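> When we follow this note's numbering, the leftmost residue of the sequence shown carries the number 243, and every step to the right adds one.
C-beta atoms are modelled at their ideal positions from N, C-alpha and C, and glycine is treated no differently.
These numbers were taken from a predicted model, which means no experiment stands behind them.
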Amino acid sequence: MRTLIDLVLPTECGGCRAPGFSWCPECALALTTAEPVQLHPRVVGVPPAWAAGRYAGPWRGAVIAVKERGRRDLVGPLGAALARAVLHLRDWGELDPPELAPLALVVAPSRGAAARRRGGDPVAGVARAAAQELGPGRVSVLPCLRTARSARDSVGLSAWERTENLRGRVRVRGTVPAPGSSVVLVDDVLTTGATAAAGTAALAARGVRVHAVVVLAGVQ
Ligand SMILES: [Zn+2]
243 MRTLIDLVLP TECGGCRAPG FSWCPECALA LTTAEPVQLH PRVVGVPPAW AAGRYAGPWR
303 GAVIAVKERG RRDLVGPLGA ALARAVLHLR DWGELDPPEL APLALVVAPS RGAAARRRGG
363 DPVAGVARAA AQELGPGRVS VLPCLRTARS ARDSVGLSAW ERTENLRGRV RVRGTVPAPG
423 SSVVLVDDVL TTGATAAAGT AALAARGVRV HAVVVLAGVQ
């Protein structure tokens, strides 16, 4: 029942679970002031990978809340945080600036049925919110990667097992980034990097190069 009430009217902070806020000032400040953290994936074939924040504190809380507890109200703050991470990466020269290349945010593949059960893929929602922050109409959000039904849920699998599980099972469907775009693959977290590597390979087979992977929260 509590969960049901929270879905209608969040009564605790999505980051730290403080009562009386849906998103408290401390958690808002933590996301606003963070700088991207470079990640070191365990599998090969992942482009330079960054997390908008560390998988701890409000970042961890917000990602879990939006994914597992259906807290759609956190899509906006997380989208704004993702947008800020992309702007940092452009400032640092990790991505082409807007005058050189339009930006394409490719949503990491999720298993379609699982996302539908949870009421839509929250990562796609966060990417769309980030695109709004970065400038409506200037950034494309492309949910063009799908994981085949034959892939197993990756929970509990080792890095090697995850890679094997996804081999040939991530497919490109729908519109891909336009030639010359700065392509960023977006996901919620990066565990081993197997999903990012499989998505990058699937896009490479279609002639699309992924320039960077940006996740919402990452373990270094
Ligand atoms: Zn909080």
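1) Are there any heavy atoms of ligand 1 lying less than 7 Å away from the beta-carbon of residue 257, as far as the coordinates show?
2) So, is residue 406 buried or exposed, given that buried needs 16 or more other C-beta atoms within 10 angstroms?
3) For the beta strand (DSSP E) that contains residue 430, what are its first and last residues?
4) Are the segment 367-376 and the segment 320-333 in contact at 8 Å, needing three or more beta carbon pairs?
5) How long is the line joining the alpha carbons of residue 300 and residue 277, rounded to whole angstroms?
6) How about the segment 261-269 and the segment 421-433: do they share at least three Cβ pairs that are nearer than 8 Å?
7) Please identify the residue among 325, 339 and 344 whose C-alpha is closest to the C-alpha of residue 376.
8) Is any heavy atom in ligand 1 found nearer than 7 Å to the beta carbon of residue 260?
9) Shortest alpha-carbon distance to residue 394 belongs to which of 408, 328 and 402?
10) Going along the chain, which residues of its own chain have a beta-carbon closer than 7 Å to the beta-carbon of residue 399, five neighbours each way excluded?
11) Enumerate in chain order the residues of its own chain whose CB-to-CB distance from residue 254 is below 6 Å, with the five nearest sequence positions on each side excluded.
12) I'd like to check one pair, residue 450 with residue 419: are the Cβ atoms closer than 8 Å?
13) With H, G and I counted as helix, E and B as strand and the rest as coil, what does DSSP make of residue 292?
14) Rounded to the nearest angstrom, how far is the Cβ of residue 438 from that of residue 293, given a contact under 8 Å?
15) Could you check which residue in 291, 312, 279 and 436 has the C-alpha nearest to that of residue 298?
16) Determine the burial state of residue 289: buried for a count of at least 16 other Cβ atoms within 10 Å of its Cβ, exposed for fewer.
17) Nearer than 7 Å: is that true of the beta carbon of residue 319 relative to any heavy atom of ligand 1?
18) Report whether the distance from the Cβ of residue 386 to the nearest heavy atom of ligand 1 is below 7 Å.
19) If you draw a straight line from the alpha carbon of residue 271 to that of residue 330, how long is it in whole angstroms?
20) Considering only the alpha carbon of each residue, which of 389, 291, 422 and 315 lies closest to residue 327?
This is what the structure holds:
1) Within the sequence shown, numbered from 1, the residue matching residue 257 stands at position 15. For ligand 1, at least one heavy atom lies less than 7 Å from the Cβ of residue 257.
2) Taking the first residue of the sequence shown as position 1, residue 406 is located at position 164. Burial call: exposed.
3) As a first step, residue 430 is located in the sequence shown; it is residue number 188 there, counting from the start. Per DSSP, residue 430 belongs to the beta strand (DSSP E) from 424-432.
4) yes
5) Along the sequence shown, one-based indexing puts residue 300 at 58. Along the sequence shown, one-based indexing puts residue 277 at 35. Those two C-alpha atoms are separated by around 14 Å.
6) no
7) Working through the sequence shown from its first residue, we reach residue 376 at position 134. Answer by Cα proximity: 325.
8) Looking up residue 260 in the sequence shown gives position 18. Answer for residue 260: yes, Cβ within range of ligand 1.
9) As a first step, residue 394 is located in the sequence shown; it is residue number 152 there, counting from the start. Ranking the options by Cα distance to residue 394, first place goes to 408.
10) Residue mapping note: residue 399 aligns to position 157 of the sequence shown, counting from 1. Excluding residues within five positions, the ones whose Cβ falls inside 7 Å are 407.
11) For the purposes of this step, residue 254 is identified with residue 12 of the sequence shown, where counting begins at 1. Closer than 6 Å at the Cβ level, and outside the excluded window around residue 254, lie 261.
12) Here residue 419 is taken as the residue at index 177 of the sequence shown, counted from 1. Here residue 450 is taken as the residue at index 208 of the sequence shown, counted from 1. For residue 419 and residue 450, yes; Cβs fall inside 8 Å.
13) Here the question's residue 292 lines up with position 50 in the sequence shown. Looking at residue 292 - three-state DSSP - the assignment turns out to be strand.
14) Reading the sequence shown from its first residue, position 196 is the one you call residue 438. Reading the sequence shown from its first residue, position 51 is the one you call residue 293. 12 Å between Cβ atoms; not a contact.
15) Looking up residue 298 in the sequence shown gives position 56. Closest option to residue 298, Cα to Cα, is 279.
16) Walking along the sequence shown from the start, residue 289 turns up at place 47. The residue is buried, with at least 16 neighbouring Cβ atoms inside 10 Å.
17) Locating residue 319 in the sequence shown gives position 77, counting from the first residue. It does not: the Cβ of residue 319 is nowhere closer than 7 Å to a heavy atom of ligand 1.
18) To locate residue 386, count along the sequence shown from 1; it is residue 144. Not under cutoff, so the answer is no.
19) By 1-based counting over the sequence shown, the position of residue 271 is 29. By 1-based counting over the sequence shown, the position of residue 330 is 88. Rounded to whole angstroms, residue 271 to residue 330 spans 17 Å at the Cα level.
20) Position 85 of the sequence shown, counted from the start, is the residue given in the question as residue 327. Among 389, 291, 422 and 315, the Cα nearest to that of residue 327 is on 291.
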